[in-house]
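J.:
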Amino acid sequence: MKIATWNVNSLKVRLPHVLDWLAATQADVLCLQETKMEDKVFPYAELEAAGYHAAHNGQKTYNGVAILARGTLEDVRCDIPAFADEQKRVLAATVNGVRVVCAYMPNGQAVGSDKYEYKLRWLAALATMLRDDLQRWPQLALLGDYNIAPEDRDVHDPAAWKDQILCSEPERAAFRQFLDLGLADAFRLFEQPAKIYSWWDYRQMGFRLNRGLRIDHILLSKPLAAECRACVIDKAPRKLERPSDHAPVLATLMATLGAESA
DNA sequence: ATGGCTTGAGTGTCAAGA
Numbered sequence: 028m029k030i031a032t033w034n035v036n037s038l039k040v041r042l043p044h045v046l047d048w049l050a051a052t053q054a055d056v057l058c059l060q061e062t063k064m065e066d067k068v069f070p071y072a073e074l075e076a077a078g079y080h081a082a083h084n085g086q087k088t089y090n091g092v093a094i095l096a097r098g099t100l101e102d103v104r105c106d107i108p109a110f111a112d113e114q115k116r117v118l119a120a121t122v123n124g125v126r127v128v129c130a131y132m133p134n135g136q137a138v139g140s141d142k143y144e145y146k147l148r149w150l151a152a153l154a155t156m157l158r159d160d161l162q163r164w165p166q167l168a169l170l171g172d173y174n175i176a177p178e179d180r181d182v183h184d185p186a187a188w189k190d191q192i193l194c195s196e197p198e199r200a201a202f203r204q205f206l207d208l209g210l211a212d213a214f215r216l217f218e219q220p221a222k223i224y225s226w227w228d229y230r231q232m233g234f235r236l237n238r239g240l241r242i243d244h245i246l247l248s249k250p251l252a253a254e255c256r257a258c259v260i261d262k263a264p265r266k267l268e269r270p271s272d273h274a275p276v277l278a279t280l281m282a283t284l285g286a287e288s289a
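So for the first sequence, our numbering puts the first residue at 28; every next one is plus one.
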């Protein structure tokens, strides 16, 4: 079973890339962030034709999350229960017995700003949600754009980014809070080359110079981490014409998962 | 230098991203 996450920065623009990537990788589950569209214009038909069911929690212009899956999506739930939020950033569903949580975590704009305070409150609310969800669904994966570089090795220039947005200690502490729930960073379960990132700025030749950050992650609960065989960041779509500024992250799990799985 | 791209909104040029 292959599960993946990709911030597409507008699904309207990036749908051809998504369809090509699904065909190439044969991913079983793909979480999308920043679809930037309302539910009524979500391309369900095109995805069905490609062999994927989908659920979407979207809004006009900003945010928007989706889960695509070859299997049936069960117990679909939008947003963070008990956290009032206009922004469409969370969607969860159960696929083949695995609870898939797709999240587009707030950017925060600048340390100390109102948006930064919102980010930290939002992250705390998500952790509270996950604590409950892990009780009900021990096989849980949290995939998405975290907008957090967990460690200095996830940053192309740690000195320049020190205490800046995406790298500040309170944000990294929030990330570690997810780990403290028993989740593991799938990427770090394996030996990885240095200087691997998932996002590069569109400006100043950020991608060509590999000035990036690793801010897109797949976290796995213990039963799933034990079944994880690989985790890679696929830079290929970032090299295409009109790319997203993010690359997809893909984790491979053992196929025999969940009571319902075939 | 609060810049430098890209997107969506909407038809001016700005907000937001990270």
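Each residue gets a CB set at the ideal place from its N, CA and C atoms; glycine is no exception.
Applying the 10 Å Cβ sphere with the 16-neighbour rule, what's the burial state of residue 140?
T.: So residue 140 ends up on the exposed side.
J.: Specify the secondary structure class of residue 102 as computed by DSSP and reduced to three states.
T.: The answer is strand: DSSP assigns residue 102 an E or B state.
J.: With DSSP as the reference, label residue 159 as helix, strand or coil.
T.: Residue 159: helix per DSSP, three-state reduction.
J.: In this structure, how does DSSP classify residue 183 when only helix, strand and coil are distinguished?
T.: Coil.
J.: Pairs of beta-carbons, one from the stretch 238-246 and one from the stretch 201-220, closer than 8 angstroms: are there three or more?
T.: Contact holds: three or more Cβ-Cβ distances are below 8 angstroms.
J.: For residue 136, which three-state DSSP category applies?
T.: Of the three classes helix, strand and coil, the one that applies to residue 136 here is coil, per DSSP.
J.: List the endpoints of the continuous beta strand (DSSP E) containing residue 131.
T.: Segment 125-131, the beta strand (DSSP E) holding residue 131.
J.: What is the C-beta distance between residue 30 and residue 280, in whole angstroms, given that I count them as a contact (C-beta under 8 angstroms)?
T.: Indeed they touch by this definition, with Cβ atoms about 7 angstroms apart.
J.: How close, in whole Å, do the beta carbons of residue 261 and residue 275 come, if the pair is a contact with beta carbons under 8 angstroms?
T.: 5 angstroms between Cβ atoms; contact.
J.: Using CA coordinates, which residue listed in 131, 104, 50 is at the minimum distance from residue 36?
T.: Nearest option by C-alpha distance: 131.
J.: If you draw a straight line from the alpha carbon of residue 266 to that of residue 227, how long is it in whole angstroms?
T.: Roughly 11 angstroms separates the two Cα atoms.
J.: Secondary structure at residue 221, three-state DSSP: helix, strand or coil?
T.: Correct three-state label for residue 221: coil.
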